[in-house]
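For reference, the structure discussed in these notes is given below.
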Amino acid sequence: MIDETLRSELQKQGIVTTTLEELYNWGRKNSVWPLGFGLACCAIEMIAASMSRWDLARFGAEVFRPSPRQADLMIVAGTVTKKMAPQVVRLYNQMSEPKYVIAMGACAISGGPFKQGYNVLKGIDRYIPVDVHIPGCPPRPEALLHAFMTLQQRIAEQELTGPNRPRHLNADAPAEFPVPEFGEHDLVPPKNSGVWQPPVLVRA
Amino acid sequence: MPPSPYLYIVVLMIAALGFAAGPLILARLWAKKFSPPKPGADKGAIYECGLESKGDAWIQFKSEYYLYAIIFLIFDVETIFLLPFAVSFTGLSGGAFIAMVIFLLLLVEGLAWAWMKGVLTWK
Numbered sequence: 016m017i018d019e020t021l022r023s024e025l026q027k028q029g030i031v032t033t034t035l036e037e038l039y040n041w042g043r044k045n046s047v048w049p050l051g052f053g054l055a056c057c058a059i060e061m062i063a064a065s066m067s068r069w070d071l072a073r074f075g076a077e078v079f080r081p082s083p084r085q086a087d088l089m090i091v092a093g094t095v096t097k098k099m100a101p102q103v104v105r106l107y108n109q110m111s112e113p114k115y116v117i118a119m120g121a122c123a124i125s126g127g128p129f130k131q132g133y134n135v136l137k138g139i140d141r142y143i144p145v146d147v148h149i150p151g152c153p154p155r156p157e158a159l160l161h162a163f164m165t166l167q168q169r170i171a172e173q174e175l176t177g178p179n180r181p182r183h184l185n186a187d188a189p190a191e192f193p194v195p196e197f198g199e200h201d202l203v204p205p206k207n208s209g210v211w212q213p214p215v216l217v218r219a
Numbered sequence: 599m600p601p602s603p604y605l606y607i608v609v610l611m612i613a614a615l616g617f618a619a620g621p622l623i624l625a626r627l628w629a630k631k632f633s634p635p636k637p638g639a640d641k642g643a644i645y646e647c648g649l650e651s652k653g654d655a656w657i658q659f660k661s662e663y664y665l666y667a668i669i670f671l672i673f674d675v676e677t678i679f680l681l682p683f684a685v686s687f688t689g690l691s692g693g694a695f696i697a698m699v700i701f702l703l704l705l706v707e708g709l710a711w712a713w714m715k716g717v718l719t720w721k
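First to last, the sequence lines map onto chains A and B. Residue numbering for the first sequence is 16 to 219, as defined by the numbering used here. Residue numbering for the second sequence is 599 to 721, as defined by the numbering used here.
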């Protein structure tokens, strides 16, 4: 590994040094293709973010793919009803590796204003691993851009070996997440224990 | 002895094949080494909209629209043939005239049949 100070010194002199890992991650982070997939009002903000005023294309993410097989970022934009949850998980399973998830808006991260509703999932992170959560109702396009930049940063920092390596290089990472089914009163199972554990209440 | 003139074509063909197949093979090797797939039942599923596919893909479609096709032929395509027929009518031989009348009668027969079947009545 090259020393950081030497590296920045070289950069000032116009000599760029890099590693294969950095190049690989640089390519990956600048070609994230989101799935064209909106669930509720947050999708309107997502559409706005992809249009000329906010211009998601600056980050290499303007190609919203209509097929999960060509997408590697799922922006869960809106309320996930219990009827829709199996479809969301199935779409996530069908996406190509390595895949990332941004949960956009209060509903997608927690159920939001509909949390008390009998038919609303209290956060999509109960079933699939979420990389970036955005609060807001709905979050403005700037918030989505910020989440996107956060995701890019995370991709850039991912080492290709070690515990933080991306999913596709990790043989132990599950290929598919179990798709919930409609039960008598709720989705069965109500959560995927592998990705989500209910927060433990600590009483003073 | 000069090489056969076809040799150049063979060389170009091999180059073209390599140009087309090379990137595909490289991509395949790259995928094998750097992004091993994570196959699964859902990922291999046919349908891509999140819903499960139901039933069999080998179903029969009703061919009800053949009537529209026939009537379209009578009223639309026939006109295309009738116009040049009318334009060159005076210069036509007897054989051509009879052939055209047979063609017209064939289509009129179809019209009569559709009429009898009640296709022309608006319900």
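We put the CB at the ideal spot given by N, CA and C, even for glycine. Predicted model only: the values in this text are computed from it and were never measured.
List the residues of chain B whose Cβ lies closer than 7 Å to the Cβ of residue i, in chain order.
i                      : result
residue 134 of chain A : The contacting residues do not exist; residue 134 of chain A stays about 17 Å from chain B at best.
residue 83 of chain A  : 646
In chain B, which residues lie less than 9 Å from residue i when you measure between Cβ atoms?
i                      : result
residue 103 of chain A : 648
Taking residue i as the query, report the chain A residues whose CB atoms sit under 9 Å from its CB, ordered along the chain.
i                      : result
residue 635 of chain B : 111, 112, 183, 190
residue 625 of chain B : None at all; the shortest Cβ gap to chain A is about 13 Å.
residue 643 of chain B : 105, 108, 109
For the candidate residues the options, whose alpha-carbon lies nearest to that of residue i?
i                      : options                    : result
residue 665 of chain B : B/716, B/599, B/604        : B/716
residue 36 of chain A  : A/100, A/57, A/176, A/84   : A/176
residue 174 of chain A : A/34, A/115, A/23, A/29    : A/34
residue 93 of chain A  : A/219, A/66, A/130         : A/130
residue 644 of chain B : A/24, A/55, A/108, A/209   : A/108
residue 95 of chain A  : A/168, A/77, A/53          : A/53
residue 50 of chain A  : A/65, A/40, A/38, A/56     : A/65
residue 167 of chain A : A/206, A/30, A/40, A/135   : A/40
residue 104 of chain A : A/181, A/205, A/214        : A/205
residue 77 of chain A  : A/45, A/165, A/55, A/214   : A/45
residue 210 of chain A : A/70, A/198, A/146, A/79   : A/146
residue 698 of chain B : B/710, B/688, B/683, B/689 : B/683
residue 668 of chain B : B/685, B/706, B/632, B/690 : B/706
residue 55 of chain A  : A/135, A/163, A/172, A/212 : A/135
residue 80 of chain A  : A/57, A/110, A/68          : A/110
Taking only three categories from DSSP, how would you classify residue i?
i                      : result
residue 96 of chain A  : strand
residue 61 of chain A  : helix
residue 180 of chain A : coil
residue 700 of chain B : helix
residue 600 of chain B : coil
residue 161 of chain A : helix
residue 692 of chain B : helix
residue 712 of chain B : helix
residue 197 of chain A : strand
residue 68 of chain A  : coil
residue 53 of chain A  : strand
residue 217 of chain A : coil
residue 717 of chain B : coil
residue 88 of chain A  : strand
residue 118 of chain A : strand
residue 175 of chain A : coil
residue 17 of chain A  : coil
Listing by chain order, which chain A residues have their CB less than 8 Å from the CB of residue i?
i                      : result
residue 689 of chain B : Going along chain A, no residue has its Cβ under 8 Å from residue 689 of chain B, so there is no contact; the nearest lies around 57 Å.
residue 640 of chain B : 105, 108, 109, 191, 194
Taking only the alpha-carbon atoms, compute the straight-line gap between residue i and residue j and give it to the nearest angstrom.
i                      : j                      : result
residue 602 of chain B : residue 611 of chain B : 15 Å
residue 99 of chain A  : residue 133 of chain A : 13 Å
residue 708 of chain B : residue 190 of chain A : 60 Å
residue 187 of chain A : residue 106 of chain A : 21 Å
residue 657 of chain B : residue 646 of chain B : 20 Å
residue 679 of chain B : residue 661 of chain B : 27 Å
residue 201 of chain A : residue 112 of chain A : 30 Å
residue 216 of chain A : residue 126 of chain A : 19 Å
residue 72 of chain A  : residue 640 of chain B : 30 Å
residue 91 of chain A  : residue 114 of chain A : 13 Å
residue 251 of chain A : residue 124 of chain A : Nothing in the structure corresponds to residue 251 of chain A, since chain A is present only between 16 and 219.
residue 19 of chain A  : residue 170 of chain A : 20 Å
residue 75 of chain A  : residue 149 of chain A : 20 Å
residue 23 of chain A  : residue 178 of chain A : 28 Å
residue 89 of chain A  : residue 615 of chain B : 37 Å
residue 671 of chain B : residue 651 of chain B : 38 Å
residue 184 of chain A : residue 48 of chain A  : 19 Å
residue 38 of chain A  : residue 144 of chain A : 26 Å
residue 214 of chain A : residue 642 of chain B : 35 Å
residue 4 of chain A   : residue 42 of chain A  : In the structure as shown, chain A starts at 16 and stops at 219, and residue 4 of chain A therefore has no counterpart that could be examined.
residue 617 of chain B : residue 606 of chain B : 16 Å
residue 619 of chain B : residue 165 of chain A : 38 Å
residue 608 of chain B : residue 600 of chain B : 15 Å
residue 195 of chain A : residue 648 of chain B : 12 Å
residue 674 of chain B : residue 693 of chain B : 25 Å
Could you tell me whether the region 139-149 of chain A touches the region 86-104 of chain A, using the rule of 3 or more Cβ pairs below 8 Å? Verdict: yes, contact present.
Segment contact flag, the region 158-173 of chain A with the region 58-67 of chain A, C-beta cutoff 8 Å, min 3 pairs: Taking 8 Å as the limit for Cβ pairs, the verdict is that the region 58-67 of chain A does touch the region 158-173 of chain A.
Are the region 147-157 of chain A and the region 117-124 of chain A touching, with three or more C-beta to C-beta distances below 8 Å? Yes, they touch.
If contact is defined by three or more beta carbon pairs under 8 Å, each pair taking one atom from either stretch, is the region 71-89 of chain A in contact with the region 616-635 of chain B? No, because fewer than three Cβ pairs between the region 616-635 of chain B and the region 71-89 of chain A fall closer than 8 Å, the two stretches do not touch.
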